[in-house]
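What follows is a single structure, written as structure tokens, with notes after it.
2 protein chains.
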Amino acid sequence: MRAVIPYKKTKAKSRLSSVLTREEREDFVETMLMDVVSTISSAGIENINILTTPSNGIPDELDVNVAISEHGLNEAINSYLEKISEPVLIIMADLPLVKPQHITEIINSKQDVVIVPGKGGGTNILYIKNPEQFTVKYHGSSFLTHCNTANKNLLTVKIYDSFLASTDIDEPQDMVEILLHGQGLARIYIEKKFEIDESRGRLKLKYQ
Amino acid sequence: MRAVIPYKKTKAKSRLSSVLTREEREDFVETMLMDVVSTISSAGIENINILTTPSNGIPDELDVNVAISEHGLNEAINSYLEKISEPVLIIMADLPLVKPQHITEIINSKQDVVIVPGKGGGTNILYIKNPEQFTVKYHGSSFLTHCNTANKNLLTVKIYDSFLASTDIDEPQDMVEILLHGQGLARIYIEKKFEIDESRGRLKLKYQ
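For the record, the sequence lines run as chains A and B.
Quick note: the first sequence, position 31, residue 33 per our numbering, numbers continuous.
Quick note: the second sequence, position 118, residue 120 per our numbering, numbers continuous.
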């Protein structure tokens with residue numbers, strides 16, 4: 003079994019531009035990537051592949067394989083899936099709240115496919131036992147798309163229900179969850195710049 | 003064991019006012035309440051109490067006890083907790099995605115206190131085995147407050163990790179999750195008025 007992490011650093015996370023500069027966002031996505039790699043590794047997955055484009059550097063200290071593709075996200079992943087014949091965990095790089103226990107539960111599921119929805123219809127983690135039977139389609143309502151793809155191919159599906167694993171970090175409001183529930187490098191990064199604003203409704207980010 | 007649902011209908015959910023009129027919001031919160039009562043009931047809890055103020059009517063068809071209090075949320079609940087000597091599940095009325103299985107797992111936990119965080123630091127569900135040892139403080143960072151209260155009282159705590167149970171419906175973006183993951187009356191209500199907008203980033207609500 004192996005894990006693959008699609009990764010984009012350059013100009014990443016534009017929806018965080020109201021609270022982080024471009025350079026800060028690039029640092030921050032690298033930090034989250036390191037948390038995700040650490041989590042997967044702690045769950046015992048040794049074969050970790052980062053799927054990226056030539057312009058996105060990967061920190062040298064990470065014990066991972068780097069697969070370079072010039073293609074867009076979907077084409078790159080589907081091309082990757084075609085070449086492998088073992089179970090694969092596709093996990094996004096912006097999930098610093100995921101814990102090793104989540105990964106262990108997901109990869110030990112009985113079902114053919116496990117889907118962890120993201121907020122607003124995305125797919126945060128996708129575990130596929132037989133990659134040759136599956137093609138991905140990220141962006142838009144990918145959660146529903148991936149459920150439908152599995153159903154059409156008569157594959158059993160588990161929707162994995164976890165607040166921590168469903169919290170992908172795309173918007174400033176999501177960063178609050180790191181301050182509340184996070185533990186890794188991403189939390190340390192956020193704590194240096196922000197604190198919690200309790201003024202009204204849900205907690206918000208406040209500059210220190 | 004018993005469950006208590008704090009409930010406010012009149013002028014409820016002001017943060018949904020960009021997509022629902024006041025009357026629609028009042029209908030919608032009643033719909034969500036009915037889903038929550040149905041879920042708790044399906045989980046086998048027979049003693050269900052709705053804690054509300056005199057101005058908020060409860061649908062006659064609900065098989066619940068109604069406790070009226072003139073006080074604010076925290077005072078009303080703490081006054082309620084003082085009078086009981088059995089385990090209690092305090093569950094918010096805006097959780098239409100919660101399933102009976104969540105409730106069953108929560109009330110069968112070994113820990114003294116189980117907390118289901120809401121988005122942005124709230125407390126969606128709070129299970130307390132010995133209510134006389136606990137006082138609540140909702141609003142603001144109530145998740146952290148309740149964790150601290152339990153720790154100070156040397157009570158064991160479980161943070162229950164569920165995307166569905168952590169999704170409280172306060173903002174239009176949350177209603178998208180009902181269209182994606184919901185099953186009950188709240189979904190039927192939302193489906194009549196809205197559909198999914200896939201234009202960019204996370205899915206959004208779109209008027210039909």
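Backbone N, C-alpha and C define an ideal beta-carbon position, used for all residues, glycine too.
It should be emphasised that the depicted structure is a prediction, and the values quoted were computed from it without experimental measurement.
Residue i to residue j span [Cα, whole Å]
i	j	result
A/Gln185	B/Pro119	16 Å
A/Leu64	A/Leu187	14 Å
B/Glu193	A/Asn49	43 Å
B/Asp62	A/Thr106	46 Å
A/Leu97	A/Met34	7 Å
B/Val115	A/Ile86	45 Å
A/Asp199	A/Gly46	38 Å
A/Val90	A/His104	15 Å
A/Ser144	B/Lys139	38 Å
A/Val39	A/Lys10	15 Å
B/Ser44	A/Phe165	23 Å
B/Lys208	A/Glu179	27 Å
A/Met36	A/Pro174	20 Å
A/His148	B/Gln113	36 Å
B/Asn153	B/Ala69	30 Å
B/Asp29	B/Ala5	23 Å
A/Arg17	A/Arg189	19 Å
B/Lys206	A/Leu205	21 Å
B/Asn150	B/Ser20	35 Å
A/Ser201	B/Leu157	29 Å
B/Lys101	B/Leu146	24 Å
Per-residue contacts from residue i into chain A (C-beta, under 7 Å)
i	result
B/Arg189	Per Cβ cutoff of 7 Å: no residues; B/Arg189 is ~14 Å from chain A at best.
B/Gln210	Correct list: empty, because the minimum Cβ distance to chain A is about 17 Å.
B/Gln113	Within 7 Å Cβ-Cβ: nothing; B/Gln113 doesn't reach chain A, min ~16 Å.
Distance CB(residue i)-CB(residue j) smaller than 8 Å
i	j	result
B/Asn155	B/Phe136	yes
B/Glu72	B/Thr54	no
A/Ile60	A/Ile52	yes
B/Val31	B/Lys15	yes
B/Gly203	A/Asp176	no
A/Val229	A/Ile117	No information on residue 229 of chain A is available, as it lies outside the stretch 3 to 210 that chain A covers here.
B/Leu99	B/Pro8	no
B/Lys121	B/Ser168	yes
B/Met3	B/Glu84	no
B/Tyr162	B/Ile108	yes
B/Leu182	B/Phe196	no
Residue i: contacting residues in chain A (beta-carbon distance under 9 Å)
i	result
B/Glu200	Gly123, His141, Gly142 and Ser143
Contact set between residue i and chain A, taken where Cβ atoms lie within less than 8 Å
i	result
B/Gly203	Arg17, Gly122 and Asp172
B/Gln135	Result: empty, since nearest Cβ-Cβ is about 24 Å, beyond 8 Å.
B/Val178	Gly122 and Gly123
Neighbour list for residue i in chain B, Cβ cutoff strictly below 8 Å
i	result
A/Pro119	Phe165, Leu182 and His183
Residues that residue i contacts on chain B, provided the C-beta gap is smaller than 7 Å
i	result
A/Ser168	Phe165
Return the residues of the region 144-166 of chain B that lie within a Cβ-Cβ distance of less than 9 Å from chain A, sorted by chain order.
Phe145, Leu146, Ile161, Tyr162, Asp163, Ser164, Phe165 and Leu166
Would the region 21-41 of chain A and the region 73-82 of chain A be scored as touching if the rule is three or more Cβ pairs under 8 Å?
no
Under 8 Å, with one C-beta from each stretch per pair, do the region 123-131 of chain A and the region 84-102 of chain A reach the 3-pair mark?
yes
Can you list, in chain order, the residues of the region 85-102 of chain A whose Cβ is nearer than 7 Å to any Cβ on chain B?
none
Going along the chain, which residues of the region 34-53 of chain B sit with their C-beta nearer than 8 Å to a C-beta in chain A?
none
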